[in-house]
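Protein chains in written order, with the numbering used here: chain Z, 1 to 164; chain W, 1 to 457. Glycine included, each C-beta is placed from N, C-alpha and C at the ideal position. This report refers to the structure that appears directly beneath it.
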Amino acid sequence: MKKTILIPTDFTIQSLNILKTFLNQNPNNHYNIVLVHGLNIGDSIRDLLFFSKNKQIQELANEAFIEAFEVIKNKFDSQINSLKIDFFTGSNQAAFNNFIEGYQINQIINSNYQLTFSTRKSFDFTRYFNKAKVEITTIEITNHVNIPEKGNLAEVFFNQISVG
Amino acid sequence: MITTLKKQSRTVLLLLIPFLIVIFLFSIFIYFSVSNYSEKNFFKLLEARAYKVAKERLDEKITKSDPNSPEKLPHEKDFFIPIDNTLDIKEQVQKIGIPASFFELVINNKSAEFVSKKYLYKGIRYQSTSGDYIVITAAENYFQINQADNLIRTLLFAILASLILILYIALYFSKNIFKPISEITEQVKEISSENLHLRLNDSNRSDELNDLARTFNNMLDRIETSFETQNNFISNASHELRTPLTAIIGVADVVLTKPRTNEEYVETLKIILQEADKLDNKTKALLFLAQTGFNGKVQKFDKVRIDQLLWDVKENLESLNPKSKIYLDMDLLPENPMKLKVNGNTQLLHLALSNIISNGCKYSNFEMVTVSIGASDDFVYIVIKDNGIGIPENEIKYIYDPFFRATNTKNFEGYGIGLPLTRNIIRMHKGTLLVTSIENKGTTVQITLPIWQINKD
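Here it is as structure tokens:
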């Protein structure tokens, strides 16, 4: 059975390492993957009217992230049934439960990685995870600080448990 | 000074000439439309007058003074010519001084107009009780005599006044428009190869001239860097080439001072051979650098599988120097092998990659060097990471200068040609080379090569 999994992302390459580590650990399954970013889009009617998911992704994700995203997609081609990015825009537990139901998510992947946000509109929605009625898996990723390739695409190649 | 004056007067002329043409055409148009209008009006008046006098004279009806009927015009002349057998047009033509066609027009069309220098003539065919008559009313051309001169004078005065005004404006403009340009010219003239550090003043205004100054400054930046690179290159190259030569000359000199034993000669020749080899290597590397940097030469490009190439490089380097430890990380290898193929020259790419990887081995004292491959839909990425001495932060911008060697590389052998050569090769393959480093922590080199595409020529 194909599983749908949710992974929180903050559009840094480090957060992609959660996905990479998870896929490395579970090599024989097929997954529909949703990378979710918590975003407060506000109440303004005009903003809601002109809200575009693609434009928002372009605004938040830098080139290195997109490249790393594609590299991972190519690497795990047979494991990934679909891979997309979406925003969670709700502000309470019920909204999050709805979101999970809507996507028919079977598993949430959490990690020890602390999401960092570049805009004030983004928020950390991992606090809703515990009360959601789905399986939660926590992954440990090592967190190198001050490596030369910080912020570059190269980051996705290292910074992981399997090197050595 | 003369050139600026010329420039200014040219702008003034450029502004003046179109303006003059426009205002002249305007004046002519006004003049003719006014004169045409007043003539038409006058002919209407004459026609009305002709009917009136004809009624009075020929029908002998004294109309009551109608407020609408026109009074006698200044210098008015009326002619009544009966249309019968005695009508002699030639005589009338001489008498009144109007052409014969006028009479024919009146007879046939019942009305005609004629303009002479001083008079306007209106002729009508009038049917009176005593037969048909040609009635001609003539009056002085009122407009031509009284108003035309005035109109022309007014127009000429307006042209003159506006000419002075526009001249003033044009002078003001030309002065102010060209001031910054001539300033820039002056400043640029001051900059020569001796003082390339000079820059043009640019304010924060965002207009075209400021853009121009900024563009000039950017160009100067690039010129300055390339000048510096060239200067460095020459001094570095001559230094590098001289070092082995000095050694050869010195050793030979010392040996020749007195007779030596055979063993000593052999040893000396060995040293000389060694130094000559070094010299040979350096010139070879230089030659290669020049060849790859030269765009005119066509290299043969083929499909190259990057992972295969990397295995070759690894094998090759490990056989050359058994101390090298190279780990090929295939973790992110794409599942589709088509995405690992690039369009390139195997020998050149081999050279570039072994340059980078052997640098990694060398500067990390033969610690593990990790080489990873990955691919997106358009690019192949090769990442080479070592934990060596790194590159000092303020020197990273010079790493592509030929013969440049970072200050912390004193204990390592090298000429400083490898990286510029590699960059030339990567550039030939339309790829990019990105070097990031932290001193004493390590260096990461990221090579991006465009993927081989089927429908490419």
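Residue i vs residue j beta-carbon contact at 8 Å
i	j	result
M353 of chain W	L320 of chain W	The sequence given here places Leu at residue 353 of chain W; Met does not occur at that position. No, the pair does not count as a contact, with Cβ atoms beyond the cut-off.
A138 of chain W	S35 of chain W	no
V71 of chain Z	A375 of chain W	yes
I5 of chain Z	I33 of chain Z	yes
I159 of chain W	S27 of chain W	yes
I460 of chain W	L333 of chain W	Here chain W covers residues 1 to 457 and nothing more, so residue 460 of chain W does not appear.
V304 of chain W	I357 of chain W	no
N343 of chain W	F301 of chain W	yes
R57 of chain W	F79 of chain W	no
T11 of chain W	A170 of chain W	yes
L23 of chain Z	A68 of chain Z	no
L512 of chain W	I306 of chain W	There is no way to answer for residue 512 of chain W, as the model of chain W reaches only from 1 to 457.
V134 of chain Z	I109 of chain Z	no
I217 of chain W	D202 of chain W	A small fix is needed here, since residue 217 of chain W is Asn in this sequence, not Ile. Contact: yes.
N40 of chain Z	T89 of chain Z	yes
F227 of chain W	S193 of chain W	yes
T116 of chain Z	T12 of chain Z	yes
L46 of chain W	L155 of chain W	no
P402 of chain W	L317 of chain W	no
H197 of chain W	E224 of chain W	yes
Test: residue i CB closer than 8 Å to a CB of chain Z
i	result
V383 of chain W	yes
A352 of chain W	no
E395 of chain W	no
P334 of chain W	yes
G416 of chain W	no
Q347 of chain W	no
S376 of chain W	yes
L25 of chain W	no
S372 of chain W	yes
D307 of chain W	no
T436 of chain W	yes
K339 of chain W	yes
L13 of chain W	no
Limits of the unbroken beta strand (DSSP E) element including residue i
i	result
G461 of chain W	No information on residue 461 of chain W is available, as it lies outside the stretch 1 to 457 that chain W covers here.
S111 of chain W	111-115
Secondary structure of residue i, DSSP reduced to three states
i	result
V445 of chain W	strand
N85 of chain W	coil
Q93 of chain Z	helix
I18 of chain Z	helix
G38 of chain Z	strand
Y31 of chain Z	strand
S101 of chain W	helix
I161 of chain Z	Because I161 of chain Z sits at a pLDDT of 38, beneath the cut-off of 50, its placement in the model cannot be relied upon, and the following sentence gives the value as read from the coordinates. Coil.
S33 of chain W	helix
Y400 of chain W	coil
K258 of chain W	coil
K467 of chain W	Residue 467 of chain W lies beyond the stretch modelled for chain W, which goes from 1 to 457, so this question has no answer here.
V383 of chain W	strand
I134 of chain W	strand
L287 of chain W	helix
N98 of chain Z	helix
F19 of chain W	helix
P244 of chain W	helix
P450 of chain W	strand
T215 of chain W	helix
R46 of chain Z	helix
E155 of chain Z	helix
A132 of chain Z	coil
Y113 of chain Z	coil
N210 of chain W	helix
Beta carbon proximity, residue i to chain W, threshold 8 Å
i	result
N17 of chain Z	no
N28 of chain Z	no
V163 of chain Z	Residue placement at V163 of chain Z is flagged as unreliable, the pLDDT there being 33, under the threshold of 50; the coordinate-derived value follows with that caveat. Chain W contact via Cβ: present.
L153 of chain Z	yes
K2 of chain Z	no
K75 of chain Z	yes
F157 of chain Z	yes
S78 of chain Z	yes
E67 of chain Z	yes
Where the alpha helix (DSSP H) through residue i begins and ends
i	result
N176 of chain W	148-190
E67 of chain Z	63-75
K53 of chain Z	53-60
Y363 of chain W	346-363
Near the ligand SAM: residue i beta-carbon under 7 Å from a heavy atom
i	result
G102 of chain Z	Annotation note on the ligand SAM: not contained in the displayed structure, which lists no ligands.
Listed by chain order, chain C residues near residue i by CB distance under 7 Å
i	result
E70 of chain Z	Given the protein chain composition of this structure (Z and W), no chain C is represented.
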